[in-house]
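A.B. asks: Our numbering puts the sequence shown at residues 71 to 156.
Glycine is no exception: its CB is placed at the ideal position from the N, C-alpha and C atoms.
Every value quoted in this text rests on a predicted model; they were computed, and no experiment measured them.
Can you read through this structure? Questions will come right after.
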Amino acid sequence: MALQATSGSGATLADVIDRILDKGLVINADITISLVGVELLGIKIRAALASFETAAKYGLEFPSGTNLQAVGWQSVDAESAEATAE
Numbered sequence: 071m072a073l074q075a076t077s078g079s080g081a082t083l084a085d086v087i088d089r090i091l092d093k094g095l096v097i098n099a100d101i102t103i104s105l106v107g108v109e110l111l112g113i114k115i116r117a118a119l120a121s122f123e124t125a126a127k128y129g130l131e132f133p134s135g136t137n138l139q140a141v142g143w144q145s146v147d148a149e150s151a152e153a154t155a156e
């Protein structure tokens with residue numbers, strides 16, 4: 071689903087951040103530095119920005135040391151179960 075630009079929507083920064091964390095954002099970049107046709111440096115970057123809940127939904131890996139048994143995760147699991155039941 072592509073995001074559509076709308077004029078006069080009056081979205082605040084908080085609305086934009088909430089939407090990015092809810093849907094997720096992935097940035098891919100390929101950077102090369104060449105001199106006379108010879109590649110000197112090549113960098114490939116892939117960055118993902120999303121809430122942990124969104125990341126889990128799409129199968130992204132969590133940082134090592136993430137405690138999935140914490141109280142916050144249990145409330146997210148309960149909310150997800152309620153939303154699925156509806």
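Candidates I103, E109, E123, A140: which alpha carbon is nearest K93's?
C.D. replies: E123
A.B. asks: Report the rounded CA-to-CA distance for V96 versus R116, giving the unit in angstroms.
C.D. replies: 7 Å
A.B. asks: Give the DSSP-derived three-state secondary structure of E157 in the structure shown.
C.D. replies: The structure shown does not extend to residue 157, since the chain is modelled only from 71 through 156, so no value can be given for it.
A.B. asks: Per DSSP, V141 forms a beta bridge with which residues?
C.D. replies: Note: V141 sits in no beta bridge, so no partner.
A.B. asks: Measuring straight from C-alpha to C-alpha, what distance separates A120 and D88?
C.D. replies: Each residue's Cα considered, the two are about 10 Å apart.
A.B. asks: Would you kindly work out how many angstroms separate the C-alpha atoms of S104 and A140, rounded to a whole number?
C.D. replies: Whole-angstrom Cα-Cα distance: 48 Å.
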